[in-house]
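Undergrad: Pasting a structure below so you can have a look.
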Amino acid sequence: MSRSFKAAIKENLPVHATHNLLSLSVPDSMPDPRPGQFFMVGMNRGTDPLLKRAFSLFRRTDEGLQILYRVRGKGTDILRNMKEGAILDMLGPLGNFYPLPSEEKTPLVMAGGIGIASVFSLIEDLAGKAIVFYGARTKEELLMLNEVKVYAKEVIVSTDDGSAGLKGTAADALRAFLAPQASDAHFCIYACGPHPLLKAVARMSKEYRIRAYVSMEEHMACGIGACLGCVVKTHDGFKRVCKEGPVMSASEIVW
Amino acid sequence: MDLSVKIGDLELKNPVMTASGTFGYGEEYAEFFDLSRLGAVVVKGLSIAPKEGNPPPRIVETASGMLNAIGLQNIGIERFIHEKMPFLRTYDTKVIVNFFGDSIGEYVAAAERLSGVDGVHGLEMNISCPNKQADWCIFGTDPRVTSEVVGKVREATRLPLIVKLSPNVTDISVIARAAVDAGADALSVINTLTGMAIDIRTRKPKLANRTGGLSGPAIKPVAIRMVYEVYKAVKVPIIGMGGIMTAEDALEFLMAGATAVAVGTANFIHPTAAADILGGIGAFLTQEGINDIRSLRGTAHAS
Ligand SMILES: Cc1cc2nc3c(=O)[nH]c(=O)nc-3n(C[C@H](O)[C@H](O)[C@H](O)COP(=O)(O)OP(=O)(O)OC[C@H]3O[C@@H](n4cnc5c(N)ncnc54)[C@H](O)[C@@H]3O)c2cc1C
Ligand SMILES: Cc1cc2nc3c(=O)[nH]c(=O)nc-3n(C[C@H](O)[C@H](O)[C@H](O)COP(=O)(O)O)c2cc1C
Ligand code: FES
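From first to last, the protein sequence lines are chains L and Z. Position one of the first sequence corresponds to residue 1 (this note's numbering), numbered consecutively onward. Position one of the second sequence corresponds to residue 256 (this note's numbering), numbered consecutively onward.
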């Protein structure tokens, strides 16, 4: 087993103006990744950009895995221009994973924008049980929506501009869903997305007394727990997103 | 081929060690290579009392480098001894404990507590931190304060004592001499260079702490120059560090006057970096027909 490996690009497919779906073949020695885990991906030729970038497992494939990424800056721009056959230096799978819900619970999965990358494989594993709240800025940014629909029990879509589904955020959609429910006891929440979305989820989790797991993001250097760079504040002191996370209990975070 | 070197009384099987704060307490890297291959493991900086560190964001990338403001977060010496030392003792390498304090008393207490702990082979004293008794100015930027704190720690321990110098000074050789005169057995050169990066959209510093320490390839030329100057100023062994990514980088440090090298930021990019660099040094010696690594030391000084 080795968590340090080289992956070959099979396909680097644009799925939107700023988003690509990267398919990788990986050595057999890589341990099986679980939903919520992530990889550090090196894209430098030389020393700039210097650090590896963190990307969630999007989906496991027969040959390896897929990553869904949004082009944000220097590193992802280089990645976008890499072609089939190019080799990437990678570490992973890293961090913890989404704990599966008990039988009697209905999982509510929240994805805001590129947050879908982290929860997609969870929705897959939940095989028809998840009610998914999927929000994005516009209709065009609801990436992989058809695939999500295949594995979800139900998908409640929202967009900031109202171009598809409810006008508003995934958190607004969740609130609209929870408000009329007689009992909240049989739900649990999984969420990945921008900080305000996670914070809103945490608030609802407390209000409705529903257990919520959120996937956190912080700038990372090592990805393996050594540099102490990626911490978030919890009620139990600073915790490392790459080691004690990325999946954390919404109630433990100091928002 | 003889790769062994001596840092004071401390014999290392080879000159490659890890830089404090970039290798945790060793555990995180053990799955990637056998830590026994290293000349020494230098652990994350410790203090008598545990320290929480700075709020995030603590890290920002810069051109060929990174700024960090971890804020010396650590679990405290007591927990380190009980929870981390048993693991480190299982490896056939030297363990050097990096430590700091925010007063002279804390430095002394830390050095006393660490001395005599089974498996601790040497101490590395970080003097790039603020002194709460003197308006939070940095210990290692003033030769008198350096001399005083090193002298007090020297009295408190018989372990090999390495003093790690701050590069944020006008003349590093002055501080180097002060540390050696006060009893340092060796010097580590250099710690991170204080820097800053600003987010032009929010118009605020990118780090929550505002400033941070610059490390990585961007600082290597500065580090090489400082090792070169310190080598001219003092007789004790120098551990060179600052931006070492490859064996070639490490060899430059040896030629500038270092006896050993420490690999820092490179560990984040390649977890096997230290082992790879050691392999590359061996290959270079073979290629050049050199039998004893010590013959490279300071060769850049020959006129
Ligand atoms: C656990 C985890 C999982 C992630 N999963 C995904 C994913 O599946 N898909 C995806 O598109 N993005 C994901 N991200 C965010 C992704 O890491 C950043 O978008 C990426 O690092 C940006 O790099 P860049 O060079 O293009 O941007 P730049 O802005 O040029 O990067 C500069 C530096 O900031 C860091 N950085 C910038 N934005 C972020 C961010 N949001 N989070 C952490 N570090 C950042 C970079 O790593 C780099 O060190 C994830 C982040 C984390 C922490
Ligand atoms: C994230 C990080 C944490 C560090 N923590 C410490 C520390 O606790 N004590 C210390 O003396 N130096 C610390 N350093 C400094 C390094 O040991 C080293 O001197 C410096 O980074 C230069 O080497 P490099 O460019 O190879 O990283 C730290 C550096 C980094 C990047
Ligand atoms: S990224 Fe280094 S500790 Fe998390």
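Glycine included, each C-beta is placed from N, C-alpha and C at the ideal position.
Ligand 1 heavy atoms versus the CB of Gly75(L): any closer than 7 Å?
TA: Locating residue 75(L) in the first sequence gives position 75, where the first residue counts as 1. Yes, ligand 1 has a heavy atom inside 7 Å of this Cβ.
Undergrad: Is there a Cβ from chain Z that is less than 8 Å from the Cβ of Ser29(L)?
TA: Translated into the one-based positions of the first sequence, residue 29(L) becomes position 29. Ser29(L) does not count as touching chain Z.
Undergrad: Please list, in chain order, the chain C residues whose beta carbon lies closer than 9 Å to that of Gly42(L).
TA: Reference to chain C is not applicable here, since the protein chains of this structure are L and Z.
Undergrad: Give the single residue among Ile253(L), Val232(L), Ala191(L) whose Cα lies nearest to the Cα of Met220(L).
TA: Against the first sequence, residue 220(L) aligns to sequence position 220. Selected option, being the one with the closest Cα: Val232(L).
Undergrad: Find the residues of chain Z that neighbour Leu143(L), judging by a C-beta separation of less than 9 Å, and give them in chain order.
TA: Walking along the first sequence from the start, residue 143(L) turns up at place 143. Those do not exist, as Leu143(L) stays about 25 Å from chain Z at its closest Cβ, beyond 9 Å.
Undergrad: So, with DSSP's three-state summary, where would you put Ala488(Z)?
TA: Taking the second sequence and counting its residues from 1, one reaches residue 488(Z) at position 233. Here Ala488(Z) sits in helix by DSSP.
Undergrad: Applying a beta-carbon distance threshold of less than 8 Å, which residues of chain Z neighbour Glu217(L)?
TA: Counting from 1 along the first sequence, the entry for residue 217(L) is found at position 217. Under the 8 Å cutoff, chain Z gives no residues; its nearest Cβ is about 10 Å from Glu217(L).
Undergrad: Should Val429(Z) and Pro385(Z) be called a contact, given that it needs their Cβ atoms to be closer than 8 Å?
TA: Counted from its first residue, the second sequence places residue 429(Z) at position 174. Counted from its first residue, the second sequence places residue 385(Z) at position 130. The answer is no: Cβ separation not under 8 Å.
Undergrad: Residues of chain L with a CB under 9 Å from the CB of Tyr284(Z): which are they?
TA: Residue mapping note: residue 284(Z) aligns to position 29 of the second sequence, counting from 1. Under the 9 Å cutoff, chain L gives Ile224, Ala226.
Undergrad: Measuring CB to CB, does Ile479(Z) end up less than 8 Å from Glu507(Z)?
TA: For the purposes of this step, residue 479(Z) is taken as residue 224 along the second sequence, with counting starting at 1. For the purposes of this step, residue 507(Z) is taken as residue 252 along the second sequence, with counting starting at 1. Yes.
Undergrad: So, is the C-beta of Glu48(L) closer than 8 Å to a C-beta in chain Z?
TA: One-based indexing of the first sequence puts residue 48(L) at position 48. Checking the sequence shown, residue 48(L) turns out to be Asp, not Glu. Yes, contact with chain Z.
Undergrad: In the DSSP assignment, what residue or residues form a beta bridge with Ala513(Z)?
TA: Taking the second sequence and counting its residues from 1, one reaches residue 513(Z) at position 258. Beta-bridge pairing links Ala513(Z) to no other residue.
Undergrad: Leaving out five residues on either side along the sequence, give the residues of the same chain with a beta carbon under 6 Å from the beta carbon of Ile336(Z).
TA: For the purposes of this step, residue 336(Z) is taken as the residue at position 81 of the second sequence. The answer, listed in chain order, is Val372.
Undergrad: Let me know if Asn146(L) comes out buried or exposed under the rule of 16 or more other beta-carbons within 10 Å of its beta-carbon.
TA: Translated into the one-based positions of the first sequence, residue 146(L) becomes position 146. When all chains shown are included, Asn146(L) counts as exposed.
Undergrad: Kindly list the residues whose CB is nearer than 7 Å to the CB of Ala530(Z), restricted to its own chain and excluding five residues on each side of it in sequence; keep chain order.
TA: Start at 1 with the first residue of the second sequence, and residue 530(Z) comes out as number 275. The residues are Phe288, Arg292.
Undergrad: Taking its Cβ as the centre, do 16 or more other Cβ atoms sit within 10 Å of Gly223(Z), making it buried, or is it exposed?
TA: Absent from the model: residue 223(Z). The displayed extent of chain Z is 256 to 558, so no value can be given.
Undergrad: Measuring only from the beta carbon, is Leu145(L) closer than 7 Å to any heavy atom that is part of ligand 3?
TA: Looking up residue 145(L) in the first sequence gives position 145. Not under cutoff, so the answer is no.
Undergrad: Can you pull the chain Z residues whose beta carbon is under 8 Å from the beta carbon of Gly95(L), in chain order?
TA: As a working note, residue 95(L) is residue 95 in the first sequence. The premise fails here: Gly95(L) is roughly 13 Å from chain Z at the closest Cβ pair, so nothing lies under 8 Å.
Undergrad: Please confirm if the region 96 to 113 of chain L is in contact with the region 73 to 84 of chain L, defined as three or more CB-CB distances below 8 Å between the two stretches.
TA: Verdict: no, contact absent.
Undergrad: Along chain L, which residues have their Cβ under 9 Å away from the Cβ of Val315(Z)?
TA: Numbered from its first residue, the second sequence carries residue 315(Z) at position 60. By Cβ distance, chain L contributes His219.
Undergrad: Quick one: list the residues of chain L neighbouring Thr277(Z), beta-carbon separation under 9 Å, in chain order.
TA: The residue labelled residue 277(Z) in the question sits at position 22 within the second sequence. Per Cβ cutoff of 9 Å: Ala221, Cys222, Ala226, Cys227.
Undergrad: Is the Cβ of Lys307(Z) closer than 8 Å to any Cβ of chain L?
TA: Locating residue 307(Z) in the second sequence gives position 52, counting from the first residue. Sequence check: residue 307(Z) is Glu here, not Lys. Cβ-Cβ to chain L under 8 Å: yes for Glu307(Z).
Undergrad: If I measure Cβ to Cβ from Ile445(Z) and keep anything under 7 Å in the same chain, skipping five residues before and after, which residues do I get?
TA: The count along the second sequence starts at 1 and reaches residue 445(Z) at position 190. Correct list, in chain order: Leu420, Pro422, Ala478, Met481, Met496, Gly497.
Undergrad: So, are the CB atoms of Gly534(Z) and Met256(Z) less than 8 Å apart?
TA: Residue 534(Z) sits at position 279 when you count from the first residue of the second sequence. Residue 256(Z) sits at position 1 when you count from the first residue of the second sequence. Contact: no.
Undergrad: Check the Cβ of Asn323(Z) against every Cβ in chain L and list those closer than 8 Å, keeping chain order.
TA: As a working note, residue 323(Z) is residue 68 in the second sequence. Near Asn323(Z) (Cβ distances below 8 Å), the residues of chain L are Ala221, Cys227, Gly229.
Undergrad: Between which residues of its own chain and Thr449(Z) is the CB-CB distance below 6 Å, once the five residues before and five after are set aside?
TA: As a working mapping, residue 449(Z) is identified with position 194 in the second sequence. Once the five neighbours on either side are set aside, the close Cβ partners of Thr449(Z) are Asn423, Thr466.
Undergrad: Using a threshold of 7 Å, is the CB atom of Ala117(L) nearer than that to any non-hydrogen atom of ligand 1?
TA: For this step, residue 117(L) is matched to residue 117 along the first sequence. Checking the Cβ of Ala117(L) against ligand 1 gives yes.
Undergrad: Given a cut-off of 8 Å on the beta-carbon distance, is the pair Ala366(Z) and Thr412(Z) in contact?
TA: As a working mapping, residue 366(Z) is identified with position 111 in the second sequence. As a working mapping, residue 412(Z) is identified with position 157 in the second sequence. In this structure, Thr412(Z) lies closer than 8 Å to Ala366(Z) by Cβ.
Undergrad: Can you pull the chain Z neighbours of Leu91(L), defined as C-beta to C-beta under 8 Å?
TA: As a working mapping, residue 91(L) is identified with position 91 in the first sequence. Chain Z residues near Leu91(L): Pro526.
Undergrad: On the CB-based measure, 16 or more other CB atoms within 10 Å of its CB, does Ser550(Z) come out buried or exposed?
TA: Locating residue 550(Z) in the second sequence gives position 295, counting from the first residue. Ser550(Z) comes out exposed.
Undergrad: What's the call for Asn546(Z), buried or exposed, on a 16-neighbour Cβ count within 10 Å?
TA: Taking the second sequence and counting its residues from 1, one reaches residue 546(Z) at position 291. Asn546(Z) comes out exposed.
Undergrad: Output the distance between the C-alpha atoms of Gly544(Z) and Leu258(Z), rounded to the nearest integer angstrom.
TA: On the second sequence, residue 544(Z) is found 289 positions in, with the first residue counted as 1. On the second sequence, residue 258(Z) is found 3 positions in, with the first residue counted as 1. In a straight line, the C-alpha of Gly544(Z) is about 13 Å away from that of Leu258(Z).
Undergrad: Just the Cα atoms here: how many angstroms apart are Asn329(Z) and Gly237(L)?
TA: Counting from 1 along the second sequence, the entry for residue 329(Z) is found at position 74. Counting from 1 along the first sequence, the entry for residue 237(L) is found at position 237. Cα to Cα, Asn329(Z) sits roughly 12 Å from Gly237(L).
Undergrad: Quick check on DSSP: helix, strand or coil for Asn353(Z)?
TA: Along the second sequence, one-based indexing puts residue 353(Z) at 98. Asn353(Z) falls in the strand class under three-state DSSP.
Undergrad: Can you give the Cα-Cα distance for Phe261(L) and Met40(L), rounded to whole angstroms?
TA: The structure shown does not extend to residue 261(L), since chain L spans only 1 to 255, so no value can be given for it.
Undergrad: Tell me, to the nearest whole angstrom, how far the beta carbon of Tyr486(Z) is from that of Gly512(Z); I am working on the premise that it is less than 8 Å.
TA: For this step, residue 486(Z) is matched to residue 231 along the second sequence. For this step, residue 512(Z) is matched to residue 257 along the second sequence. Going by Cβ atoms, the distance from Tyr486(Z) to Gly512(Z) rounds to 3 Å, so yes, they are a contact pair.
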